[in-house]
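Each number in the numbering used here comes from the position in the sequence shown (counting from 1) with 2 added on. Virtual Cβ for every residue (Gly too), placed ideally from N, Cα, C. Computed from a predicted model, the values in this text were never measured in an experiment. Each remark here refers to the structure printed beneath this line.
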Amino acid sequence: MAVPLLDLKAQFAPIEGDIRAAMDRVLASQHFIMGPEVEGLEHEVAAYCGARHGIGVSSGTDALLVALMALGIGLGDEVVTTPYSFFATAGAIVRLGATPVFVDIDPDTYNIDPTLIEAAITPATKAILPVHLFGQCADMVAIRAIAARHGLPVIEDAAQAIGSEDAGGGRAGTLGTMACFSFFPSKNLGGFGDGGMVVTNDDALAERLRVLRVHGSKPKYHHAVVGGNFRLDALQAAVLRVKLTQLDAWTAGRQRNAGVYDQAFAGISSDLLSTPAVRQPRHIFNQYVVRTPRRDALMAHLRQAGIGCEVYYPGPLHLQPCFADLGYGAGGLPQAEAAARETVALPIYPELTATQLAEVVVAVTDFFRS
Numbered sequence: 003m004a005v006p007l008l009d010l011k012a013q014f015a016p017i018e019g020d021i022r023a024a025m026d027r028v029l030a031s032q033h034f035i036m037g038p039e040v041e042g043l044e045h046e047v048a049a050y051c052g053a054r055h056g057i058g059v060s061s062g063t064d065a066l067l068v069a070l071m072a073l074g075i076g077l078g079d080e081v082v083t084t085p086y087s088f089f090a091t092a093g094a095i096v097r098l099g100a101t102p103v104f105v106d107i108d109p110d111t112y113n114i115d116p117t118l119i120e121a122a123i124t125p126a127t128k129a130i131l132p133v134h135l136f137g138q139c140a141d142m143v144a145i146r147a148i149a150a151r152h153g154l155p156v157i158e159d160a161a162q163a164i165g166s167e168d169a170g171g172g173r174a175g176t177l178g179t180m181a182c183f184s185f186f187p188s189k190n191l192g193g194f195g196d197g198g199m200v201v202t203n204d205d206a207l208a209e210r211l212r213v214l215r216v217h218g219s220k221p222k223y224h225h226a227v228v229g230g231n232f233r234l235d236a237l238q239a240a241v242l243r244v245k246l247t248q249l250d251a252w253t254a255g256r257q258r259n260a261g262v263y264d265q266a267f268a269g270i271s272s273d274l275l276s277t278p279a280v281r282q283p284r285h286i287f288n289q290y291v292v293r294t295p296r297r298d299a300l301m302a303h304l305r306q307a308g309i310g311c312e313v314y315y316p317g318p319l320h321l322q323p324c325f326a327d328l329g330y331g332a333g334g335l336p337q338a339e340a341a342a343r344e345t346v347a348l349p350i351y352p353e354l355t356a357t358q359l360a361e362v363v364v365a366v367t368d369f370f371r372s
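See the structure below:
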């Protein structure tokens, strides 16, 4: 039996009626940009995170970009972040003329290593941008303490982590100055296209974000600042409002499937295969990422067996050609480089059947037995 890495058709089928009704509501209104659907989603996502404000935007990338803009980050500034993430984390920094300062990752969680952050802070540092990778929060207790000592804002890249929680008892979206979410279709809360949101408890920042997302216009046709076109479509918001009602159940399904894998792979030597290290109270498993020195051979075996798998991320950011002028070389951030060589994601979506899970387990365990 073929098992895809992700099956959005299986997610769509049970909620098709609700989705179509929500889309019909937008079609009847003929209000496609911003408006009541977007406002409804903003309130609902903010409440889900435990925050006061949600500002819907056009993508997770634009959420990062507008969050940095709201802090006034630009030419000559530095932002401390991780080299092991999707490109947008660093790309948004560079687009504003600022410089990403990469700090290596914790080898168990793949999140930024807070013990290395302080040494990377300089007088030019204007923010810390941790990523809650694969659905697990970074060590925000330690990161907030560092930020407080240096008077720095913290932007959470929570693109993969809506609903995750940290050891301090908070939920992603309330652990820093602002948090950025992505509603890309493959996310746990995914739309029918691009979409994103910035969440914050800071009233002044929320107002600035709302202005920046509409070209810096307030009132209409008056521009005290230059913003961008970062507006969220009403159709996306309507779809996401339906899906948000299912999110906790979907998260529970992902956690259940992760438990099946954890138990099934427990007998394989940790020298050969490492399963995800759960260090925070609520890991939502946007991906289930295993680690093995035989990664490429395992992937070939899985694909031959019809099992979907994917590498996140095969090239760490500090070694991307467009960042060559930053001066990082191979071996400079060894934990990120090792993770890029050795990790692979397995299917984890909540609609996986028991038979499909068994297919994945058999394929992985047979590989290591051989």
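Taking the continuous beta strand (DSSP E) assigned at residue i, which residues delimit it?
i           : result
residue 290 : 290-293
residue 38  : Taken as a continuous stretch (DSSP letters only), residue 38 belongs to no beta strand (DSSP E), being part of the alpha helix (DSSP H) at 38-51.
residue 362 : It is not in any beta strand (DSSP E) - residue 362 instead sits in the alpha helix (DSSP H) that spans 356-371.
residue 104 : 101-104
residue 261 : Premise fails: residue 261 lies in the alpha helix (DSSP H), 249-267, not in any beta strand (DSSP E).
residue 127 : 127-131
residue 81  : 80-83
residue 55  : 55-59
If you drop the 5 nearest sequence neighbours on each side, which residues of the same chain put their C-beta closer than 7 angstroms to that of residue i?
i           : result
residue 277 : 263, 264, 267 and 292
residue 48  : 54, 55, 56 and 201
residue 169 : 143, 282 and 283
CB-CB under 6 angstroms to residue i, same chain, minus the five flanking residues each way: which ones, in chain order?
i           : result
residue 152 : 123
Please identify the residue among the options whose C-alpha is closest to the C-alpha of residue i.
i           : options               : result
residue 321 : 147, 228, 349 and 85  : 85
residue 174 : 157, 103, 187 and 311 : 157
residue 358 : 200, 307 and 87       : 307
residue 66  : 261, 145, 55 and 181  : 181
residue 15  : 366, 353 and 360      : 353
residue 279 : 138, 251, 198 and 237 : 138
residue 234 : 13, 22, 38 and 27     : 38
residue 35  : 238, 312 and 327      : 238
residue 11  : 72, 115, 188 and 337  : 188
residue 270 : 202, 298, 68 and 369  : 369
residue 256 : 241, 288 and 282      : 288
Run the CB neighbour count on residue i, radius 10 Å, all protein chains shown included, and call it buried at 16 or more, exposed below.
i           : result
residue 402 : In the structure displayed, the chain extends from 3 to 372; residue 402 sits before or after that span and is not available.
residue 32  : exposed
residue 245 : buried
residue 225 : exposed
residue 314 : buried
residue 285 : buried
residue 339 : buried
residue 2   : The first residue shown for the chain is 3 and the last is 372, placing residue 2 beyond what the model contains.
Spell out the partners DSSP gives residue i in its beta bridges.
i           : result
residue 182 : 159 and 200
residue 5   : 309
What are the boundary residues of the alpha helix (DSSP H) that residue i is part of?
i           : result
residue 347 : Note, residue 347: premise wrong, no alpha helix (DSSP H); beta strand (DSSP E) at 345-348.
residue 142 : 142-152
residue 124 : Residue 124 -> no alpha helix (DSSP H), and no H or E assigned at all.
residue 166 : From DSSP, residue 166 is part of no alpha helix (DSSP H); its letter is neither H nor E.
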